[in-house]
Amino acid sequence: MKDKTEKMENYDVVYKIECANNLCDAAYIGQTGRYLKTRIKEHEININKALKITTDNLTVSNEQPQRRDKRRRHMIPRSPDRNASSAAITTHAKNFKHLFKLKEVKILHKEKKLNKRLILESVEILKNRNACNTRSDVDGINDSYKDLIQLNKIK
Ligand SMILES: [Zn+2]
474 MKDKTEKMEN YDVVYKIECA NNLCDAAYIG QTGRYLKTRI KEHEININKA LKITTDNLTV
534 SNEQPQRRDK RRRHMIPRSP DRNASSAAIT THAKNFKHLF KLKEVKILHK EKKLNKRLIL
594 ESVEILKNRN ACNTRSDVDG INDSYKDLIQ LNKIK
């Protein structure tokens with residue numbers, strides 16, 4: 474990717490966004506068939522909205538994600554459907570009052586076919602131990618494959 478503008482003009486991508494908090498290593502993995510800039514803008518709007526609502530009543534805390542479960546410590550327990558699960562980035566921002574490095578989004582894969590893109594997204598979520606995605610984001614992957622992917626997990 475030559476520059477930011479060019480990167481944002483991409484579509485049919487699997488992407489990764491890191492949490493902007495220095496003390497937090499969470500990352501969000503997502504996919505979109507639309508322009509990356511459009512999806513990033515949506516994340517920005519949702520996060521800003523969520524933080525605005527919560528900061529009205531609460532003070533900003535330095536609370537960190539639970540360290541108990543090292544494997545999946547940033548993972549949010551459950552989400553009713555796949556669409557709602559795309560809000561995992563918003564939930565992390567809201568729960569911890571953290572922003573994300575939206576402008577520094579990394580493109581992990583470029584794949585035109587939606588079903589392949591969803592699989593690539595799930596594999597990346599499983600590979601990244603700090604993914605803050607919900608468990609339903611990897612529902613498309615058979616459990617025995619999940620184990621195989623996690624065996625090769627990036628340290
Ligand atoms: Zn964070």
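Mapping of the sequence shown onto the working numbering: position 75 corresponds to residue 548, and the numbering continues sequentially without gaps.
For glycine and all other residues, C-beta sits at the position ideal for the given N, C-alpha and C.
What you are looking at is a predicted structure, and each value in this text was computed from that prediction instead of being measured.
The segment 573 to 606 is shown to contain whole beta strand (DSSP E) runs of 3 or more residues at 579 to 583, in chain order. Linking residue 584 to residue 560 through their CA atoms gives a straight-line distance of about 22 Å. By the criterion of at least three beta-carbon pairs nearer than 8 Å, the segment 587 to 603 is not in contact with the segment 510 to 530. Nearest neighbour of residue 478 by Cα position, chosen from 515, 594, 577, turns out to be 577.
Annotation: residue 570 to residue 502 spans about 19 Å, alpha carbon to alpha carbon. Taking C-alpha positions only, residue 566 is separated from residue 595 by approximately 21 Å. In the DSSP assignment, the residues bridged to residue 502 are 489. Rounded to the nearest angstrom, the gap between the Cα atoms of residue 623 and residue 612 is 15 Å.
Non-local C-beta neighbours of residue 484 in its own chain, meaning closer than 8 Å and more than five positions away in sequence, comprise 505, 506, 507, 508, 509, ordered along the chain. In the three-state scheme derived from DSSP, where H, G and I count as helix and E and B as strand, residue 612 is classed as coil. Ligand 1 approaches residue 494 closely enough that one of its heavy atoms is under 7 Å from the residue's Cβ. With a cutoff of 8 Å on beta-carbon distance, residue 597 and residue 487 are scored as near each other. Shown here, residue 524 sits in a helix according to DSSP, grouped into three states.
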